[in-house]
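Reading through the structure tokens given below for one structure.
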Amino acid sequence: MSDQNNKINKKAEIDLAELLKKDAPYLVEDGKVNLVKLDGLLSGKITEKEDDRFYFNWAGKDKVFQAIQAPAYSTLAPQKDKSIGWDETENLMIVGENLETLKLLLKPYFGKVKVIYIDPPYNKDKDFIYVDDFSIPLKEYLARTNQLSESGQKLTSNPETNGRYHSDWISMMYSRLFTARNLLKEDGVIFVSIGDEEVHHLRMVMDEIFGEDNFEGHIHWRRRHNQPNDKTKMIGLVGEHILAYAKNSQELKKSGVGKVELTGKFSNPDNDPRGDWASKPWKVGTGQSGTKYRVTTPTGKEYDEEWMGDEANFKKLLADNRIIFPDKGNGTPRKKYFKFEREEEGQCATNWWGHEQFGSNQDGSSELADLFDGLSVFDNPKPAKLIKNLVAIGNVKENDIVLDFFAGSGSTGQAIFELLNEDKKNYKFLLVQLDEAIDDTKESGKNARQLGLNTVAEVCLDRLKRLSSKNAQNLKYKVFKLSPSNFNLKEEFELTENKDLGELKTNYLKELGLYVDQPTVATANTLDIVYEIILKNGFSLNSKIEELKLGSNNFYKVSDTENELEIHISLDAKIEDGSVEAIRTTEYKGKTFAFYDNALTDSQKINLNTFVKLQVI
59 MSDQNNKINK
69 KAEIDLAELL
79 KKDAPYLVED
89 GKVNLVKLDG
99 LLSGKITEKE
109 DDRFYFNWAG
119 KDKVFQAIQA
129 PAYSTLAPQK
139 DKSIGWDETE
149 NLMIVGENLE
159 TLKLLLKPYF
169 GKVKVIYIDP
179 PYNKDKDFIY
189 VDDFSIPLKE
199 YLARTNQLSE
209 SGQKLTSNPE
219 TNGRYHSDWI
229 SMMYSRLFTA
239 RNLLKEDGVI
249 FVSIGDEEVH
259 HLRMVMDEIF
269 GEDNFEGHIH
279 WRRRHNQPND
289 KTKMIGLVGE
299 HILAYAKNSQ
309 ELKKSGVGKV
319 ELTGKFSNPD
329 NDPRGDWASK
339 PWKVGTGQSG
349 TKYRVTTPTG
359 KEYDEEWMGD
369 EANFKKLLAD
379 NRIIFPDKGN
389 GTPRKKYFKF
399 EREEEGQCAT
409 NWWGHEQFGS
419 NQDGSSELAD
429 LFDGLSVFDN
439 PKPAKLIKNL
449 VAIGNVKEND
459 IVLDFFAGSG
469 STGQAIFELL
479 NEDKKNYKFL
489 LVQLDEAIDD
499 TKESGKNARQ
509 LGLNTVAEVC
519 LDRLKRLSSK
529 NAQNLKYKVF
539 KLSPSNFNLK
549 EEFELTENKD
559 LGELKTNYLK
569 ELGLYVDQPT
579 VATANTLDIV
589 YEIILKNGFS
599 LNSKIEELKL
609 GSNNFYKVSD
619 TENELEIHIS
629 LDAKIEDGSV
639 EAIRTTEYKG
649 KTFAFYDNAL
659 TDSQKINLNT
669 FVKLQVI
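Going by the working numbering, the first residue of the sequence shown is number 59, and it counts up by one from there.
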């Protein structure tokens with residue numbers, strides 16, 4: 059009986075490991091569940107303990123999970139005056155700190171993003187990094203996450219003299235990648251650009267978050283086409299790294315991987331009616347096995363070798379004019395392959411990306427300068443060609459979302475705009491960029507300031523605007539800004555080291571208005587309040603919002619067709635009985651209605667609750 063119990067327990071352990079490996083790979087190490095890490099994730103506390111298994115650890119890892127679990131206290135406010143074609147687009151640009159923004163996007167965009175591409179700080183030359191401190195009072199945290207000043211309060215320089223130089227960078231990346239993974243579709247892919255400084259640490263971070271089994275490749279991209287001549291360096295820097303991971307490699311393979319544009323030289327020297335072609339050896343390569351038989355060339359030369367296919371197939375290809383003999387008919391046979399065939403099949407990407415096909419930093423700089431009157435306004439922007447190819451191999455299809463939460467100057471936005479024009483497919487971008495101050499000690503910063511651009515986010519927005527002016531038909535986008543909540547929160551909700559994160563999160567996610575005398579702040583904008591309500595109810599930022607009147611009260615009807623959600627919201631201070639009767643009609647039976655708690659009498663609540671889904675805000 060004991061043996062039977064052991065078998066059952068072993069089977070249960072395997073099943074749990076497999077389940078977590080799919081949905082939470084960071085909890086599985088060497089095929090086993092790390093119970094310490096699982097307990098840490100559930101409790102918000104990490105017990106750092108050495109054991110006999112490989113364990114990726116760094117200073118501050120325990121604080122990372124606090125940052126991940128801390129609730130989002132902010133909202134995303136619409137900026138219609140900075141948008142173009144608000145009602146005609148689903149492209150989104152969000153100005154604000156990216157971890158807080160990612161948390162706000164979790165509910166409406168969970169499992170909705172096909173491709174993520176990010177170009178984060180490389181942690182070199184005293185790069186600025188995001189420091190996530192959730193031990194401070196709520197008001198201070200909001201001030202920091204919203205970047206209300208240009209003081210760099212939320213960003214900090216990360217010099218090598220800092221004792222936590224690598225650890226701080228890893229913590230920053232871990233929390234954002236961990237959160238972003240939840241936004242990917244099951245067949246989704248993430249690409250991360252990185253330099254030599256942190257590529258080894260990034261690989262470990264992504265192995266832990268996404269799982270080693272979901273590693274798809276390490277792309278080496280030649281970022282510059284000129285040859286460096288630096289006497290101080292043994293090895294000149296011409297390349298960068300791009301790490302590629304799938305959310306679920308098995309699902310990615312099922313849905314299909316994308317292809318890159320064809321390479322190779324195609325021509326038609328024999329005027330084949332099927333068009334341009336190239337060729338490859340029919341003879342097997344060294345170390346390969348094939349079928350051995352004798353082949354006679356048109357000049358009578360004989361080759362007794364091992365070939366790629368059997369003799370019957372060879373004769374069939376020969377009759378179809380798909381076999382050529384180079385060297386004036388004396389060479390070993392080669393098989394033709396036609397350009398139109400390869401275009402249909404596509405070409406698999408490799409882990410070496412040359413600048414000729416995939417662009418360079420010089421190309422990225424030229425693209426940006428072309429838009430900004432010949433001025434450099436941002437250093438080392440990625441070329442649109444690079445990102446377009448990443449989108450291609452990620453197999454982005456109609457209506458798919460491409461997310462970039464380190465948007466920088468907006469190269470990803472330009473890449474999607476170009477694809478819209480080239481492929482005529484409705485790809486959608488979701489960009490996030492902190493409103494951090496431009497560094498005006500650099501030439502690019504001085505140029506940006508001359509144009510009235512004071513932050514990186516402003517550069518990104520101006521780039522989108524300039525692109526739109528070139529092609530107003532397709533280039534449209536909505537802008538949102540990370541902003542403080544429109545709801546009053548009592549001081550007891552302030553997040554301090556002495557507060558329990560789980561309790562705070564639970565309290566905050568309850569109906570906000572139940573805990574305050576006056577639910578919204580005095581400066582709250584009506585539309586901003588509506589967006590905060592729907593965002594935290596899982597509605598897309600592209601939801602349709604209509605104004606209507608029921609009885610004597612004003613309502614917003616919000617419809618999200620993609621998530622199959624609908625809600626009617628009234629922000630009136632008092633709901634009249636006539637409005638209640640207007641709601642109690644066949645048209646609205648079973649639908650969701652939201653009101654301020656104090657706007658309804660007890661009898662109205664009872665009356666409505668038996669007919670519609672009543673929500674208190």
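All residues carry an ideal CB built from backbone N, CA and C; glycine is no exception.
Residue i - containing beta strand (DSSP E), residue span
| i | result |
| --- | --- |
| P542 | 536 to 542 |
| H626 | 623 to 627 |
| H278 | 273 to 280 |
| A495 | Note, A495: premise wrong, no beta strand (DSSP E); not H, not E. |
| D245 | 242 to 252 |
| A450 | Looking at the DSSP string, A450 is not in any beta strand (DSSP E); the run it does join, the alpha helix (DSSP H), is 442 to 451. |
| K172 | 171 to 176 |
Residues bridged to residue i [DSSP beta-bridge criterion]
| i | result |
| --- | --- |
| G367 | In the DSSP output, where bridge partners are listed per residue, G367 has none listed. |
| L606 | F613 |
| M151 | L489, V537 |
| L672 | F651 |
| S325 | W335 |
| T354 | E360 |
| Y395 | A336 |
| A135 | K539 |
| E298 | W279 |
| L461 | I174, L488 |
| T578 | F545 |
First and last residue of the uninterrupted alpha helix (DSSP H) at residue i
| i | result |
| --- | --- |
| D520 | 514 to 528 |
| S337 | Here S337 belongs to no alpha helix (DSSP H); instead the beta strand (DSSP E) covers 335 to 339. |
| Y646 | No alpha helix (DSSP H) contains Y646, which DSSP labels as neither H nor E. |
| T159 | 156 to 167 |
| G468 | Segment: none, G468 is in no alpha helix (DSSP H) and carries neither H nor E. |
| I641 | 635 to 641 |
| V257 | 257 to 268 |
| I591 | 584 to 593 |
| A82 | First-last for A82: undefined, no H or E at that position. |
| P384 | 384 to 387 |
| S502 | 501 to 508 |
| Q662 | 660 to 667 |
| K455 | Element bounds for K455: n/a, residue is neither H nor E. |
Same chain, Cβ closer than 6 Å to residue i, five either side skipped, listed in chain order
| i | result |
| --- | --- |
| S628 | N611, F613, F653 |
| F464 | I176, D177, P178 |
| A473 | A442, I445, K446 |
| W411 | I277, W279 |
| E604 | K615 |
| T354 | E360 |
| H413 | R280, H283 |
| N484 | E456, N457 |
| K407 | It is worth fixing the name first, because residue 407 is Ala in this sequence and not Lys. For A407, where only same-chain residues beyond five positions count, the Cβ hits under 6 Å are V318, I451. |
Same chain only: Cβ atoms within 7 Å of residue i, ignoring 5 sequence neighbours per side
| i | result |
| --- | --- |
| T147 | K534, Y535, K536 |
| T668 | none |
| Q137 | V537, F538, K539 |
| E302 | Contrary to the premise, residue 302 reads as Ala rather than Glu in this sequence. Closer than 7 Å at the Cβ level, and outside the excluded window around A302, lie V247, F249, E274, G275, I277. |
| R380 | K393, K394 |
| I459 | K170, V171, K172, K486, L488 |
| L585 | P136 |
| W144 | K138, K536 |
Integer Cβ distance of residue i from residue j, believed to fall under 8 Å
| i | j | result |
| --- | --- | --- |
| K140 | L242 | That pair is no contact at about 28 Å. |
| S251 | E298 | 6 Å |
| R352 | F396 | Not quite, the Cβ-Cβ distance comes to about 28 Å (not below 8 Å), so this is no contact. |
| K182 | G118 | With a Cβ gap of about 20 Å, K182 and G118 do not count as contacting. |
| L593 | L134 | 6 Å |
| E494 | V514 | 5 Å |
| L623 | G648 | About 14 Å; that fails the 8 Å criterion. |
Neighbourhood of residue i by C-beta, 8 Å cutoff - its chain only, sequence neighbours within 5 removed
| i | result |
| --- | --- |
| L666 | V638, I641, R642, F651, L658, L672 |
| N505 | F430, L433, S434, V435 |
| Q662 | I633, D635, V638 |
| I4 | This structure cannot speak to residue 4, because the chain is shown only from 59 to 675. |
| S418 | R280, R281, R282, H283, P441 |
| W335 | F324, S325, N326, K394, Y395, F396, K397 |
| L525 | L429, G471, Q472, F475, L533 |
Self-check item: the region 448 to 465 in contact with the region 305 to 324 per 3-pair CB rule at 8 Å
Solution: Touching, per the Cβ criterion.
Quiz prompt | Validate contact between the region 505 to 519 and the region 156 to 167 using beta carbons, cut 8 Å, 3 pairs | solution = no
Quiz prompt | At least three beta-carbon pairs within less than 8 Å, the region 262 to 274 to the region 153 to 161 | solution = Because the criterion of three Cβ pairs below 8 Å is not met, the region 262 to 274 and the region 153 to 161 do not touch.
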